[in-house]
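Participant:
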Amino acid sequence: MPSAPSRRSIASFRNYADAEQAVDALSDRGFPVHRVAIVGRDLEVVEQVTGRLDYPRAALRGAAGGAVTGALIGWLFGLLSWIIPVIGWLLLMVYGLVFGAIVGALLGLLVHAMQGGRRDFSSATAMRPRTYELMVDEDVAADAVHILGWDR
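Numbering (the UniProt record's numbering), first residue to last: 1 to 152.
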């Protein structure tokens, strides 16, 4: 496996759109952009709270996950059906969906009740960098700086 070329940071941006715009400007001027990388630095985990999690919502989340799982299992069993394949496939998928939704809802309620109020909210977690570095191969970095007009 060939070693990666030595790269140099020529700029730092607070958001990805600005870094993308700089690479686009290089591309528009014929720079070999395959020698450029946008590198996210200083990753941070952001957990955005999306709402309160109560018993009805816990049951609904469990039912949704169970329905999907049940439908997939029913579909797989339906594929193995040799007698009346289309009707068997559809029926097993619907039965799996219904059964999975019921079991999922019950499990969602059970898990929520067992947590004892410790996590009564739902959230979405994302990882994002604080800054974006524009990294360019060392031997063409001066050209990139000159093309972007940052050498003045």
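Glycine included, C-beta positions come from ideal geometry on N, C-alpha and C.
Small disclaimer: the values here were computed from a predicted structure and weren't measured.
(1) Could you please give the first and the last residue of the uninterrupted alpha helix (DSSP H) stretch that includes R7?
(2) From what residue to what residue does the beta strand (DSSP E) around E47 run?
(3) What three-state label does DSSP hand L134 in the structure shown?
(4) What does DSSP give as the partner residue(s) for A126 in the beta ladder?
(5) Would A11 and A22 qualify as a contact pair, given that the criterion is a beta-carbon distance under 8 Å?
(6) What is the DSSP secondary structure of F121, counted as helix, strand or coil?
Facilitator: If we stick to the structure as given:
(1) As a first step, residue 7 must be located in the sequence shown, where it is residue number 7. Per DSSP, R7 belongs to no alpha helix (DSSP H); it is in the beta strand (DSSP E), 7-13.
(2) Taking the sequence shown and counting its residues from 1, the one referred to as residue 47 is at position 47. From DSSP, the beta strand (DSSP E) with E47 extends over 36-52.
(3) For the purposes of this step, residue 134 is taken as the residue at position 134 of the sequence shown. Three-state DSSP puts L134 in a strand.
(4) The sequence position of residue 126 within the sequence shown is 126, counting from 1. Assignment of beta-bridge partners to A126 by DSSP yields V46.
(5) Stepping through the sequence shown from its first residue, residue 11 is reached at position 11. Stepping through the sequence shown from its first residue, residue 22 is reached at position 22. Yes, these two residues count as a Cβ contact at 8 Å.
(6) By 1-based counting over the sequence shown, the position of residue 121 is 121. Strand, per DSSP.
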